[in-house]
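**Q** No gaps in the numbering here: position 134 of the sequence shown is 114 in this note's numbering, and each next residue is one more.
Here it is, the structure, as C-alpha cells.
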Amino acid sequence: MQGAFRLHLQALDRLGVEGFEVRTAADLDRCDGLILPGGESTTMSMLLESQNLFDPLKAALDGGLAAFGTCAGMILLASEVADGRSDQRCFGALDYQARRNAYGRQTESFETDLEVTGLDEPFHAVFIRAPAVEALGDDVEVLSTHQQEPVLCRTGAVMASSFHPELTGDDRLHQLFLDLLS
Ligand code: GLN
C-alpha cells in the first residue's frame, strides 16, 4: 500500500525468489509469504481498509500465512498499538504491544550492530523512527535485542523487526524468513 517495499523486492530477487507487490486480495492468494515493509503504519492501516485489503489479509494471517513485518510492518503485526492513531488497526499476528516512535527524538534514527540468533556474524541494523515491542506473550521468541529491548522476534513463521533489514544489502534476515517458509 505504502512504504519501502522496493528494496525488499530486490533482496528477494538476489535470493532467487520471485517477489511481487500485493495490492489486492487476489494478489494475496498467490503468495507463500508476505513482507510488510517500513513506512507509516497509520497510513498503511487506513489504506488497507479503504482498499478492502485489511480483512482478507487478517484472514490470511489468521490462517497461517507467513509474514515478515519490518518497522511499520512490525506495528501492523502487533496485537496492540501504543501511541498510534485511535482508529489505527493491527493484525494480532504476534503477541506484543508495539509502541510507535519509541526511541525518542534524540535518537529517532540510528544504526547499530546486532547479535541475531541464527546468524554467525552481527547484523548492521538501521532504525528509523522505530517501534519498540512491550508486553510480549510467552510464544514470542526474541531473536535479537538492543539495550536489552527486543528488536527482532518471531512466532512460528511470523517474524518482525523494529529496524529496516532491507537497507544495507545484507540479505541474511530475508533468508532467515525464507527458511521459515520451507
Ligand atoms: N514511525 C512509523 C510508524 O509509526 C514507522 C517508521 C518506519 O517504518 N520506518 O508507522
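Note that CB positions come from ideal geometry on N, CA and C, so glycine has one too.
Does ARG(-14) come out as helix, strand or coil in the three-state DSSP assignment?
**A** helix
**Q** Please indicate yes or no: does the CB of ALA58 lie closer than 7 Å to some heavy atom of the ligand GLN?
**A** No, the Cβ of ALA58 stays beyond 7 Å of every heavy atom of the ligand GLN.
**Q** Can you look up ASP42 in the DSSP assignment and give me helix, strand or coil?
**A** In this structure, ASP42 counts as helix in the three-state DSSP scheme.
**Q** So is the beta-carbon of ALA52 under 7 Å away from any non-hydrogen atom of the ligand GLN?
**A** At least one heavy atom of the ligand GLN is nearer than 7 Å to the Cβ of ALA52, so yes.
**Q** Work out the CA separation of PHE0 and LEU(-11) for me, nearest whole Å.
**A** One Cα belongs to LEU(-11), the other to PHE0, and the distance between them is close to 7 Å.
**Q** Taking the beta carbon of GLY49 as the centre, do at least 16 other beta carbons fall within 10 Å, making it buried, or is it exposed?
**A** buried
**Q** For ASP35, which option in VAL61, GLY18, ALA46, GLY72 has the closest C-alpha, if you only look at C-alpha atoms?
**A** GLY72
**Q** Taking DSSP as the reference, what is the three-state secondary structure of GLN127?
**A** coil
**Q** Helix, strand or coil: which one does DSSP assign to ALA137?
**A** coil
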